[in-house]
Amino acid sequence: MQPETIIYPFAALVGQEEMKKGLLLNAVNPKLSGILIRGEKGTAKSTAVRALAALLPEIEVVADCPFSCDPADITTMCSSCRQRLEAGEELPRTRRRMRVVDLPVSATEDRVVGTLDIERAIKKGEKHFEPGVLAQANRGILYVDEVNLLDDHVVDVLLDSAAMGVNTVEREGVSFTHPANFILVGTMNPEEGELRPQLLDRFGLCVNITGILEPGERVEIIKRRVAFEEDPEGFIARWEGEQEKLRRQILTAIEILPQVEMPEEILYLIAKIAIEMGVDGHRADLVMMKAARTMAALDGRTEVIPDDVYAIVNLALLHRMRRQPFQEMHVDQAKLREVLVK
């Protein structure tokens, strides 16, 4: 087994159920616009992200495409692959694992979105695009550690692409667009500063995680980590059965998600929660709707039930609750229970 494939199994992670749920929801439905994981250091944030990528099935890509286009889906292809296909060319194919692309804190906007060669465009009429991080992340996971330390404008660009599924670069009247469908995962330590509320709201889901305080679970974390470090291949093999169950659950959910129906009464429940909990705007309603549909798909059902809404409400509302300056981010559980039983 090559070193790069030795990744701690997602199924072996102890506790942090809300974080794992949020990651799985985004794996099934990248249109949720990502998840922000807020927590102190040493709480398995980066371990969980890399474990998720290793859990997901291989994808088929156009072998020589910088955007990793899906050779079977012309609707999501870049313009170059589409033109080649329409010209009758058989696109070269290969299979590979889903990538985790890391975005460094020092990244500039050009490094993120890519650059256009304006001189070549003006002199020769050719569009030459140098791909950036968003191109590398297409059909993969874009992992932004310490997202709160990034330039606000760069975060805005990331969230725009996560929501739209495309990246458009415009320079001096010349523009270039390419697919940018990725699972966005941002992590941050709140002790190092917060994101602006406008940027917080753009993340689909959010979770607060802390170190586990139950002694038995902490002991289990130690035991599993030691076992993994002493014999990684053996440890991974022991968890392969649970990993395969999760893979099948994700694949089934992706397949049935387009068929999941949202009854009218569930939409009214979502609207009622948003109104009673006092969240601003309508993004919370839309995220709850999408997340509830995805939750139903993960549970293998094609109709949303109230339990699906209850399962995702904290993830969808945590970062959207009004709060005073310096007040901790939280969802008033007593108030939420009142709303749910009315």
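The sequence shown begins at 6 in the numbering used here and counts up by one.
All residues carry an ideal CB built from backbone N, CA and C; glycine is no exception.
Please read these numbers as outputs of a predicted model, since none were measured by experiment.
query, result
"If you count every other CB in all the chains shown that lies within 10 Å of the CB of residue 273, and 16 or more means buried, which is it?", "exposed"
"Report buried or exposed for residue 298, applying the criterion of at least 16 other Cβ atoms within 10 angstroms of its Cβ.", "buried"
"So residue 188 and residue 32 are in contact, right, with Cβ under 8 Å, and what is the actual spacing, rounded?", "6 Å"
"Mind checking who residue 148 pairs with in its DSSP beta bridge?", "107, 190"
"Return the residue from the list 289, 326, 84, 318 that minimises the CA-CA distance to residue 185.", "84"
"Do you know offhand how far residue 250's Cα is from residue 180's?", "44 Å"
"For residue 56 and residue 13, what's the separation of their Cα atoms in angstroms?", "6 Å"
"State yes or no: is the beta carbon of residue 115 nearer than 7 Å to at least one beta carbon in chain D?", "Judged by its chain identifiers, the structure shown contains no chain D, having just a single protein chain."
"Can you list, in chain order, the residues of its chain with a C-beta nearer than 6 Å to that of residue 54? Leave out the 5 residues immediately preceding and following it.", "148, 190"
"If you count every other CB in all the chains shown that lies within 10 Å of the CB of residue 68, and 16 or more means buried, which is it?", "exposed"
"Indicate whether residue 43 and residue 319 have their beta-carbon atoms separated by less than 7 Å.", "no"
"Does the Cβ of residue 242 have 16 or more other Cβ atoms within 10 Å, making it buried, or fewer, making it exposed?", "exposed"
"For residue 8, count neighbouring Cβ atoms within 10 angstroms of its own Cβ and tell me buried if that reaches 16, exposed if not.", "Low confidence applies here, because residue 8 scores a pLDDT of 44, under 50, leaving its location unreliable; read the following figure in that light. By the neighbour-count rule (16 or more Cβ atoms within 10 Å), residue 8 is not buried but exposed."
"Please state if the CB of residue 302 and the CB of residue 309 are separated by a distance shorter than 7 Å.", "no"
"Excluding sequence positions up to five away, which residues of its chain have a Cβ less than 7 Å from the Cβ of residue 264?", "307"
"Which of helix, strand or coil does DSSP assign to residue 134?", "strand"
"Starting from residue 253, follow the alpha helix (DSSP H) in both directions and report where the run begins and ends.", "245-261"
"Using DSSP's beta-bridge definition, name the partner residues of residue 184.", "171"
"Taking the Cβ atom as the reference point for each residue, do residue 153 and residue 93 lie within a distance shorter than 7 Å?", "no"
"Tell me whether the beta-carbon of residue 275 lies closer than 7 Å to the beta-carbon of residue 290.", "yes"
"Give the secondary structure of residue 207 by DSSP, where H, G and I count as helix, E and B as strand, and everything else as coil.", "coil"
"In whole angstroms, what separates the C-alpha of residue 6 from that of residue 58?", "Because residue 6 carries a pLDDT of 38, less than 50, the predicted location of this residue cannot be relied on, and the following value inherits that uncertainty. Cα-Cα distance, rounded: 17 Å."
"Would you check if the distance between the CB atom of residue 262 and the CB atom of residue 207 is smaller than 7 Å?", "no"
"Could you check which residue in 220, 305, 269, 317 has the C-alpha nearest to that of residue 258?", "305"
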